[in-house]
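Going down the list, the protein sequences come from chains H and R. The first sequence begins at 2 in this note's numbering and counts up one residue at a time. The second sequence begins at 29 in this note's numbering and counts up one residue at a time. From the three backbone atoms N, C-alpha and C, an ideal C-beta is built for every residue, glycine too. Predicted model only: the values in this text are computed from it and were never measured. One structure is given here, and the rest of the page talks about it.
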Amino acid sequence: TQLLEQSPQFLSIQEGENLTVYCNSSSVFSSLQWYRQEPGEGPVLLVTVVTGGEVKKLKRLTFQFGDARKDSSLHITAAQPGDTGLYLCAGDTGNQFYFGTGTSLTVIP
Amino acid sequence: DAGVIQSPRHEVTEMGQEVTLRCKPISGHNSLFWYRQTMMRGLELLIYFNNNVPIDDSGMPEDRFSAKMPNASFSTLKIQPSEPRDSAVYFCASVQDLVTGELFFGEGSRLTVL
């Protein structure tokens, strides 16, 4: 059973385009995190959102936590080849971190 | 700090052999997690420890898998006997604070069972 479902699973876009990745669950989380993973490495934290409705911006990346703390989205503006990687959301139940199914992003120069 | 250190980085073994994966968490981190990553199933939580005590091992696939954390600076994940379906990348991660904490991952151990 997968607690967190991400969509799309794969995304290939041209440099300069915008994109949104979704992370959905029927469970409520105390916080939600987004990680990026590059080939041959472990995931690295991008952001943590805690409050329902919270929006955080990290340069060209905008993260939103749903009002009910069950879902989240990641929006990238003007994607660059350096954004290529596997994006993972992770829900924190207070004592465990459950990871989403992942979105593999490829940005073509 | 050197970060979370895992060994070996790559392991190729034959079915039926014992495999031991090792992890050194970041000093001062109180919780340690073992994950397995495959294309089909993504990143799955196998087991996690808090203050060296196993808290939840419900993700461990079967009795062939076992994990220990004898002290705050070392953990092992053992598979005996190994099977081809165990082939995956195994990650260890540690966190200082479980509440809104950041998981720090090692570089992973890529296991191939022939």
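Query: Does GLU42 (chain H) have its Cβ less than 8 Å from a Cβ in chain R?; Result: yes
Query: What number of angstroms, rounded off, separates the C-alpha of MET67 (chain R) from the C-alpha of ASN78 (chain R)?; Result: 28 Å
Query: Using the three-state DSSP reduction, which class does GLY83 (chain H) fall into: helix, strand or coil?; Result: helix
Query: With DSSP as the reference, label ARG64 (chain R) as helix, strand or coil.; Result: strand
Query: Hey, how far is the Cα of LEU12 (chain H) from the Cα of THR21 (chain H)?; Result: 10 Å
Query: What does a CB cutoff of less than 8 Å around VAL29 (chain H) pick up in its chain, not counting 5 residues either side in sequence?; Result: ALA69, ARG70 and LYS71
Query: Return the CA-CA distance between SER215 (chain R) and THR107 (chain H), expressed in angstroms with no decimal places.; Result: Any answer about residue 215 (chain R) is impossible in this case: the structure gives chain R only from 29 up to 142.
Query: Counting only the same chain and skipping the five closest in sequence on each side, list residues whose C-beta sits under 8 Å from that of LEU59 (chain H).; Result: LEU47 and VAL48
Query: Return no unless some Cβ of chain R is closer than 8 Å to the Cβ of TYR23 (chain H).; Result: no
Query: Quick check on ARG37 (chain H): does DSSP put it in helix, strand or coil?; Result: strand
Query: Check whether the region 47–67 of chain R and the region 103–123 of chain R are in contact - that is, three or more C-beta pairs closer than 8 Å.; Result: yes
Query: Report the partner residues of THR104 (chain H) according to the DSSP bridge assignment.; Result: H:TYR88
Query: Quick one: what's GLN65 (chain H) bridged to in DSSP?; Result: H:VAL56 and H:SER74
Query: Quick one: using the 10 Å Cβ neighbour count with 16 as the cut-off for buried, is GLN15 (chain H) buried or exposed?; Result: exposed
Query: Cutting at 6 Å between CB atoms, please list the residues of its own chain near ARG50 (chain R), excluding the five before and the five after it.; Result: SER35 and THR104
Query: I need the DSSP call for ARG69 (chain R), collapsed to helix, strand or coil.; Result: coil
Query: Does DSSP put PRO82 (chain R) in a helix, a strand or coil?; Result: strand
Query: Whose C-beta lies closer than 7 Å to the C-beta of ASN80 (chain R) among residues of the same chain, with five residues either side of it excluded?; Result: MET97, ASN99 and ALA100
Query: Name the chain H residues whose beta carbon is nearer than 9 Å to that of LEU73 (chain R)?; Result: GLN97, PHE98, TYR99 and PHE100
Query: If you reduce the DSSP assignment to three classes, tell me which class PRO53 (chain R) lands in.; Result: coil
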